[in-house]
Amino acid sequence: LEIEPAVVRASEAFSDANLDLLNDSRARVEVVDARAWLASQNRNYPIIISEPSNPWLTGVSNLFTREYWQLTRTRLADDGVFCQWIQLYALPPAAFQGLVRTFLSVYPNAWLFESIPGADALLIAAPSLPEGLALEPTLGPDGLIRLASMGPLVTDNHPWVEFSAPFWLHRTTGETNRALIQAAQRR
2 LEIEPAVVRA SEAFSDANLD LLNDSRARVE VVDARAWLAS QNRNYPIIIS EPSNPWLTGV
62 SNLFTREYWQ LTRTRLADDG VFCQWIQLYA LPPAAFQGLV RTFLSVYPNA WLFESIPGAD
122 ALLIAAPSLP EGLALEPTLG PDGLIRLASM GPLVTDNHPW VEFSAPFWLH RTTGETNRAL
182 IQAAQRR
């Protein structure tokens, strides 16, 4: 699912890197609002990957709320995997912790992987992690609980990250948020 048609067109330029996904008969791309589309469906999926833009953008923050993650959970197969991208840069530490705390309120069995240390992370929710992953998780469920022990939940009616994070756009927070992750590893 992709809301912006230009992103779908641009992905054609990366067919070598994305294994020519657009021409794979097993894949289908829908140009539609992901949240509205999931709400309109009555089926479950083995995997859902959510990689919206930054949560401080108007119209995007609703893809980082408890209600959205509850919706994804209702559309996930019992043994399914949910993956949520979250950035570490230009995001206040309290917002990072609040987003993780909100995620855990819906998906308590989760892991954090740093895809680009100090920049990007993935929150993975699943009944268990598959064997033989190319990358080890940075934090498991217990570490995530330690990381997210503070902060209010992010909800549709209280999207506080959308309004607080823009004040941090020009601050370097990647290493600060990474230090929070590392501290949660050690406790």
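Numbering (this note's numbering), first residue to last: 2 to 188.
Cβ atoms here follow ideal geometry from the backbone N, Cα and C, with glycine treated the same way.
Source: prediction; values computed, not measured.
Proximity to residue i [Cα-Cα], best of the options
i: isoleucine 146; options: Leu2, Phe97 and Pro160; result: Phe97
i: aspartate 79; options: Val9, Asp25 and Ser129; result: Ser129
i: threonine 59; options: Pro160, Gln183 and Leu134; result: Pro160
i: glutamate 31; options: Pro47, Val9 and Ala14; result: Val9
i: glutamine 42; options: Ala14, Asp25, Glu137 and Leu2; result: Leu2
i: leucine 100; options: Ser62, Ser16 and Asp17; result: Ser62
Cβ-Cβ distance between residue i and residue j below 8 Å
i: alanine 166; j: leucine 105; result: no
i: proline 109; j: leucine 181; result: no
i: glutamate 176; j: threonine 139; result: no
i: tryptophan 81; j: tryptophan 112; result: This sequence places glycine at residue 81; tryptophan is not what is there. Result no, Cβ atoms of glycine 81 and tryptophan 112 do not sit closer than 8 Å.
i: alanine 120; j: glutamine 88; result: yes
i: threonine 173; j: leucine 92; result: no
i: alanine 185; j: glycine 144; result: yes
Buried versus exposed, by CB contacts within 10 Å (16 or more), residue i
i: asparagine 55; result: buried
i: threonine 73; result: buried
i: alanine 37; result: exposed
i: arginine 187; result: exposed
i: leucine 170; result: exposed
Integer Cβ distance of residue i from residue j, believed to fall under 8 Å
i: leucine 77; j: isoleucine 49; result: 6 Å
i: alanine 126; j: phenylalanine 83; result: 4 Å
i: arginine 179; j: proline 131; result: That belief does not hold up - the Cβ atoms of arginine 179 and proline 131 are roughly 25 Å apart, past 8 Å.
Chain-order list of residues whose beta-carbon lies under 6 Å from that of residue i (same chain, five-residue window excluded)
i: threonine 66; result: Val155, Thr156 and Asp157
i: isoleucine 4; result: Asp34
i: arginine 102; result: Ala149 and Gly152
i: tryptophan 57; result: Glu163, Ala166 and Pro167
i: proline 47; result: Ala78 and Gly81
i: leucine 39; result: Leu72 and Arg76
Same chain, Cβ closer than 8 Å to residue i, neighbours up to 5 away in sequence not counted
i: serine 12; result: Asn19, Leu22 and Leu23
i: arginine 44; result: Arg76
Neighbourhood of residue i by C-beta, 7 Å cutoff - its chain only, sequence neighbours within 5 removed
i: valine 107; result: Arg67, Trp70, Gln71 and Arg74
i: glutamate 52; result: Trp86
i: proline 6; result: Val32
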